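In what follows, a structure is listed as structure tokens, so that the remarks can point back to it.
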Amino acid sequence: MADIRLEGVGHSYDGGRTWAVKPMTWTWRSSRAYALLGPSGCGKTTLLNIISGLITPTVGRVYFDDRDVTGVPTAGRDIAQVFQFPVLYEEMSVYDNLAFPLRNRKVPKQEVDRRVRQVSHLLGLDQVLGRRSRRLDPGRQQIVSLGRGLVRSQVAAVLLDEPLTVVDPALKWTLRSKLKEIHRDTGHTLIYVTHDQTEALTFADEVVVVKDGEIVQAGEPAELFLSPAHEFVGHFIGSPGMNVVPGEVVSGVVRVGGTDVGRAGGGLPPGPVRIGVRPEFVEIAKAGEFRVFPGLPARVTGVDRMGAYDLVHTEAGGHKVIAKTEAGAPYRPGDGAYLHFPAERTFLFRDEVRCGSL
Ligand code: ATP
């Protein structure tokens with residue numbers, strides 16, 4: 012296991028006109044489980060392939076600890092990689108597929124058997140070890156691929172590129188927790204690419220959020236949820252994502268339309284800001300009832316009854332704001348309401364980047 016260090020690494024597929032991965036310096040620390048999260052086309056796979064050696068970056072150097080591996084092909088990097096779709100020897104048994112990466116490295120027979128049985132047990136493959144891989148359904152084949160990626164205990168890193176895409180949704184939860192168990196056991200450095208926030212948040216020690224070829228924030232799942240450093244993180248993580256209301260800082264006070272919503276923390280200079288607050292933290296009260304000051308007058312435009320909670324949709328000063336409340340919230344479309352944005356959970360953004368808080 013090694014720290015994987017990217018120094019000024021960037022990649023362009025079109026001779027430098029556009030960057031799939033913008034030049035970045037970043038370290039993946041040994042033995043941690045990372046999720047690389049971002050929308051389709053943001054550069055996740057390119058980044059992963061730079062680490063594995065399938066792509067040589069246009070600029071920058073890649074280091075495994077102090078070893079410069081920039082020009083080293085995949086085979087010389089000791090990386091296990093699992094792709095979105097199964098990559099197996101179809102005529103081989105499941106057992107032989109799982110054993111292959113170990114036999115290939117001359118691991119003693121007994122150790123091969125021990126590891127294959129351990130991984131197959133954890134992934135629920137015990138019953139199919141003797142079957143030919145091609146006789147399994149695609150979901151099961153993918154689980155075997157996952158097993159192949161995890162079977163070696165000595166690797167620089169395990170790279171997983173949307174590995175559960177073809178797996179039955181009900182099985183995904185189980186497999187993710189198995190994956191965590193295997194990670195705890197082996198201490199692999201894992202990098203798990205996904206565009207699914209639930210997958211990222213439930214799996215990783217650290218989530219690395221990528222937008223347009225750039226890392227915009229990295230941190231523990233709770234940190235990204237509670238303290239987004241970039242508007243995009245607020246939108247992309249959370250369901251629904253963070254509300255954003257345009258406002259203005261005037262003499263240290265944040266205003267929406269003509270209404271004060273709080274003080275601008277951090278000595279923010281006057282000018283326009285975007286106010287970000289998650290639906291979970293918007294405090295809502297009915298017009299005319301007790302309310303927390305300062306409050307923003309709003310009108311309820313709709314209520315989604317989600318079972319476990321309600322989403323109260325409102326309009327405040329011409330802007331949409333959603334409040335997530337307990338189930339059975341006493342609101343109907345057309346009701347007047349007040350919204351309060353709590354200081355410790357409301358952030359201010361300029362040029363998409365957090366610049367302060369209420
Ligand atoms: P997805 O989740 O859809 O796989 P991604 O986040 O993994 O997306 P990449 O596949 O790394 O993103 O793609 C990043 C950008 O590079 C995209 O604009 C994509 O169109 C472009 N790209 C990827 N591979 C190539 C290639 N072989 N040739 C040219 N452009 C490419």
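Convert by adding 11 to the 1-based position in the sequence shown; the result is the number in our numbering.
Glycine included, each C-beta is placed from N, C-alpha and C at the ideal position.
In this text the structure is predicted, and so the values were computed from the model without any measurement.
Are Asp-321 and Ala-298 closer than 8 Å when you measure CB to CB? Here residue 321 corresponds to residue number 310 of the sequence shown, with the count starting at 1. Here residue 298 corresponds to residue number 287 of the sequence shown, with the count starting at 1. No.
Report whether the distance from the Cβ of Lys-55 to the nearest heavy atom of the ligand ATP is below 7 Å. On the sequence shown, position 44 is the one that residue 55 refers to. Yes, Cβ of Lys-55 sits closer than 7 Å to a heavy atom of the ligand ATP.
Taking 7 Å as the cut-off, is the beta-carbon of Gly-71 closer than that to any non-hydrogen atom of the ligand ATP? Position 60 of the sequence shown holds residue 71. The answer is no for Gly-71.
To the nearest angstrom, how far is the alpha carbon of Leu-133 from that of Leu-182? What you label residue 133 is simply residue 122 of the sequence shown in a count that begins at 1. What you label residue 182 is simply residue 171 of the sequence shown in a count that begins at 1. Near 13 Å, if we compare the C-alpha coordinates of Leu-182 and Leu-133.
Could you check what DSSP says for Gln-152 in three-state terms: helix, strand or coil? Counting from one through the sequence shown, the residue named residue 152 turns up at place 141. Residue state, collapsed to three classes: helix.
Is the closest heavy atom of the ligand ATP to the C-beta of Ala-31 under 7 Å? Counting from 1 along the sequence shown, the entry for residue 31 is found at position 20. Yes.
Does the beta-carbon of His-241, which I'm using as the reference point, lie nearer than 7 Å to any heavy atom of the ligand ATP? Here residue 241 refers to the residue found at position 230 of the sequence shown. No, since every heavy atom of the ligand ATP falls outside the 7 Å radius drawn around the Cβ of His-241.
Close Cβ partners of Trp-37 (< 7 Å) along its chain, the five nearest in sequence each way excluded: As a working note, residue 37 is residue 26 in the sequence shown. Same-chain partners within the cutoff: Leu-17, Ile-226.
What span of residues does the alpha helix (DSSP H) with Trp-30 cover, start to end? Translated into the one-based positions of the sequence shown, residue 30 becomes position 19. Per DSSP, Trp-30 belongs to no alpha helix (DSSP H) and is neither H nor E.
For His-206, the three-state DSSP class (helix, strand or coil): Counting from one through the sequence shown, the residue named residue 206 turns up at place 195. Residue state, collapsed to three classes: coil.
Thinking just about the alpha-carbon of each residue, which of Val-123, Ala-86, Val-261 is nearest to the one in Ser-63? Stepping through the sequence shown from its first residue, residue 63 is reached at position 52. It is Ala-86 whose Cα lies nearest to the Cα of Ser-63.
What residues in its chain sit with their C-beta under 8 Å from that of Glu-102, if we drop five residues either side in the sequence? Reading the sequence shown from its first residue, position 91 is the one you call residue 102. Counting only Cβ-Cβ distances below 8 Å, and skipping sequence neighbours, we find Arg-143, Ser-144, Arg-145.
Can you have a look at Thr-29 and say buried or exposed, based on whether 16 or more other CB atoms are within 10 angstroms of its CB? The sequence position of residue 29 within the sequence shown is 18, counting from 1. So Thr-29 ends up on the exposed side.
Give the single residue among Leu-48, Gly-276, Phe-94 whose Cα lies nearest to the Cα of Val-155. In the sequence shown, residue 155 corresponds to position 144, counting from 1. That would be Phe-94, whose Cα lies nearest to the Cα of Val-155.
Taking the alpha helix (DSSP H) that Ala-181 falls in, what are its first and last residues? Here residue 181 is taken as the residue at index 170 of the sequence shown, counted from 1. Taken as a continuous stretch (DSSP letters only), the alpha helix (DSSP H) holding Ala-181 covers 180 to 197.
Measuring from the CB of Tyr-320, is there a heavy atom of the ligand ATP at a distance below 7 Å? Locating residue 320 in the sequence shown gives position 309, counting from the first residue. No, the ligand ATP has no heavy atom inside 7 Å of this Cβ.
Buried or exposed for Tyr-24, going by 16 or more other Cβ atoms inside 10 Å? As a working note, residue 24 is residue 13 in the sequence shown. With fewer than 16 other Cβ atoms within 10 Å, it is exposed.
Closest by CA to Pro-239, which one among Glu-173, Ile-286, Glu-259? Numbered from its first residue, the sequence shown carries residue 239 at position 228. The shortest Cα separation from Pro-239 among Glu-173, Ile-286, Glu-259 belongs to Ile-286.
Evaluate contact between the region 52 to 59 and the region 98 to 115, counting only Cβ atoms and requiring at least three cross-stretch pairs below 8 Å. no
Check for me: the beta strand (DSSP E) holding Ser-3 runs from which residue to which? Residue numbering for the chain in the displayed model covers 12 to 369; residue 3 lies beyond these limits and cannot be assessed.
Kindly list the residues whose CB is nearer than 8 Å to the CB of Glu-178, restricted to its own chain and excluding five residues on each side of it in sequence; keep chain order. One-based indexing of the sequence shown puts residue 178 at position 167. The amino acid at residue 178 is misidentified as Glu; the sequence shows Val. Counting only Cβ-Cβ distances below 8 Å, and skipping sequence neighbours, we find Gly-150, Gln-153, Ile-154, Leu-186.
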